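In full-length UniProt numbering, the protein residues as written are 1 to 497. By construction, the Cβ of each residue, glycine as well, lies at the ideal position given by its N, Cα and C atoms. Please read all numbers here as calculations on a predicted model, not as lab measurements. Read through the structure below, which is laid out as structure tokens, and then see the notes.
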């Protein structure tokens, strides 16, 4: 895998030391008054938090919530299970589409709150000067807006209508309304354009950025690549707006190499190592690679199979756990007889992709096939597959023979099938995006879980959190009246038949 190292540890430690030093001086200064006021100061909660620390905290927490392990917080795990990349060897409820409690409050209260506060500190004249110690105000604001757009786009593609315009406004809107996904999409595009316009490449880097080490040119490319993704996601529901958005993004500049992709790099030392490493090597692993994915990789002799999965402990060939069966059936196979995720996936310093160069090329290939841009769709499609393989560290000599296979060759007459099937393979470890593109393109053609709850089909969305139903009932009711029943089968705005 192509791993871009950065200064994550440096920034986190520097931010932490600033907080500690600031707490010390707050105690020291108050101690110079009457001698007892320092008892009212909590050195672990200083009144001023460096904005660099807020950015690092937001990025860490959002990555944890999107790519984490828990059923309620691991949004990407859910996507990989719905899209039949992984399946459980023990707890198969989610593989069988049983309603499981979901949650988005930790994202609103955690990472998003940090981003809103970061924007406020850099906007308010009373705090902007201090905030600028972490880098140019406009660049900190731009990065926060881009991260916020990435987060909200992930959330709305999971649930559909969500709190957006009134979200994270504190006591002003304690029970925020749910906004239509169409309105959210329109504002996300506007936000990304505004962030791109306000940032200054000449003003310098910002501190606390774990993803791009404060490099604004990289953030500009990420903003427009994300706009590209959002644009193509609307291809069915609003083709004209989709084309406009896609062509604008391409004209503004998107990723042109694997190295430019947006990713989060874990470190080898606790507490900054990957949660997957901890879960599999310290805890008890229960998520194996599903037979749906393994069988397709084997059928195509796809060289990525060794990067995605490992041979079962008992030897033999790659063997996927049967997808969507009862816990009793899944458990009968035994962990030593099925393929679990690879060492690359489970390493302590694994990388998680927010958006890849390969995805950009797949979108460009589809734009060319649709006649939106003047380019050769087949070439872009092949480049997208090759970029995915290089990202995962596949040997160069194995790429061309794979592309030459008749089952892989681009079919212009049915570009959705070609792109959908290969995009699914390339989206390994990006479960939410794989699930979203399956819903949009209807490829690959997946069969529902054989032991699906109540005969359900593959979910089209996630059910709203119980906390929202209980505490924000009026706005919840308005959302389902507009969007449809709060069921896994209900299609969201862009997911047309």
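{"query": "Just confirm the distance between the C-beta atoms of residue 52 and residue 258, as a whole number of angstroms; I'd bet it's less than 8 Å.", "result": "In fact, because the Cβ distance is near 27 Å, the residues do not count as touching under 8 Å."}
{"query": "If you run the structure through DSSP and keep just helix, strand and coil, what is residue 428?", "result": "coil"}
{"query": "For residue 304, does the three-state DSSP call read helix, strand or coil?", "result": "coil"}
{"query": "Once the 5 residues before and after residue 291 are set aside, which same chain residues still bring their CB inside 7 Å of it?", "result": "320, 321, 322, 323"}
{"query": "So if DSSP puts residue 178 in a beta bridge, which residue, or which two residues, is it bridged to?", "result": "163"}
{"query": "Return helix, strand or coil for residue 394, following the three-state DSSP convention.", "result": "coil"}
{"query": "Please classify residue 30: does DSSP put it in a helix, a strand, or coil?", "result": "With a pLDDT of 36 at residue 30, under the threshold of 50, the modelled position of this residue cannot be trusted, and the question is left open."}
{"query": "For the stretch 212-224 against the stretch 139-151, are there 3 or more C-beta pairs whose distance is under 8 Å?", "result": "yes"}
{"query": "Roughly how far, in whole angstroms, is the beta-carbon of residue 499 from the beta-carbon of residue 355, given that I think they are within contact range, below 8 Å?", "result": "Nothing can be reported for residue 499: it is not among the residues displayed for the chain, which extend from 1 to 497."}
{"query": "The beta strand (DSSP E) with residue 498 in it runs from where to where?", "result": "Residue 498 lies beyond the range of the chain shown here (1 to 497); nothing can be said about it."}
{"query": "With a threshold of 8 Å, are at least 3 pairs of Cβ atoms found where one atom belongs to the stretch 86-100 and the other to the stretch 299-310?", "result": "no"}
{"query": "Provide the residue span of the alpha helix (DSSP H) that contains residue 445, from first to last.", "result": "Here residue 445 belongs to no alpha helix (DSSP H), and DSSP marks it neither H nor E."}
{"query": "Alpha carbons only, please: which of 389, 181, 333, 364 is nearest the one belonging to residue 253?", "result": "364"}
{"query": "Considering only C-alpha positions, which residue in the set 445, 284, 423, 325 is nearest to residue 452?", "result": "325"}
{"query": "By the three-class DSSP mapping on this structure, what secondary structure does residue 86 have?", "result": "strand"}
{"query": "Going by alpha carbons, who is nearest to residue 91 out of 467, 335, 347, 441?", "result": "335"}
{"query": "How should residue 165 be labelled, buried or exposed, when 16 other C-beta atoms within 10 angstroms of its C-beta is the threshold for buried?", "result": "exposed"}
{"query": "Can you grab the Cα-Cα spacing for the pair residue 40 / residue 125, in whole Å?", "result": "Annotation note: pLDDT 45 at residue 40 (below 50); position unreliable, no value reported."}
{"query": "When the distance is taken between beta carbons, is residue 344 closer than 7 Å to residue 310?", "result": "no"}
{"query": "Can you check DSSP and say which residues form a bridge with residue 184?", "result": "Per DSSP, none; premise fails for residue 184."}
{"query": "My guess is that residue 445 and residue 161 are in contact by the Cβ rule of under 8 Å, so how many angstroms apart are they, rounded?", "result": "Wrong, their Cβ atoms sit about 28 Å apart, outside the cutoff."}
{"query": "Just checking my contact of residue 435 with residue 350 at CB under 8 Å: how many whole Å lie between their CB atoms?", "result": "The Cβ separation is near 21 Å, so there is no contact."}
{"query": "Going by DSSP, what residue range makes up the alpha helix (DSSP H) through residue 216?", "result": "216-233"}
{"query": "For my contact list, residue 62 and residue 111 are in at a C-beta cut-off of 8 Å; report their separation, rounded to the angstrom.", "result": "4 Å"}
{"query": "Quick one: what's residue 262 bridged to in DSSP?", "result": "355"}
{"query": "Using the three-state DSSP reduction, which class does residue 287 fall into: helix, strand or coil?", "result": "strand"}
{"query": "Report back the beta-carbon spacing between residue 57 and residue 114 to the nearest angstrom; my notes put them in contact at under 8 Å.", "result": "5 Å"}
{"query": "Between the stretch 366-382 and the stretch 232-243, do at least 3 Cβ pairs fall closer than 8 Å?", "result": "yes"}
{"query": "Can you list, in chain order, the residues of its chain with a C-beta nearer than 6 Å to that of residue 173? Leave out the 5 residues immediately preceding and following it.", "result": "166"}
{"query": "Less than 8 Å between the CB atoms is what I'm expecting for residue 420 and residue 441, so what's the real figure, rounded?", "result": "4 Å"}
{"query": "Is the beta carbon of residue 340 less than 7 Å from the beta carbon of residue 285?", "result": "yes"}
{"query": "To the nearest angstrom, how far is it from the Cα of residue 470 to the Cα of residue 463?", "result": "14 Å"}
{"query": "Could you give the C-beta distance for residue 392 and residue 491, rounded to a whole number, given that I count them as a contact under 8 Å?", "result": "32 Å between Cβ atoms; not a contact."}
{"query": "Three or more C-beta pairs under 8 Å: does that hold for the stretch 182-190 against the stretch 224-238?", "result": "yes"}
{"query": "Under the three-state reduction of DSSP, which class applies to residue 384: helix, strand or coil?", "result": "helix"}
{"query": "What's the gap between the Cα of residue 479 and the Cα of residue 157?", "result": "15 Å"}
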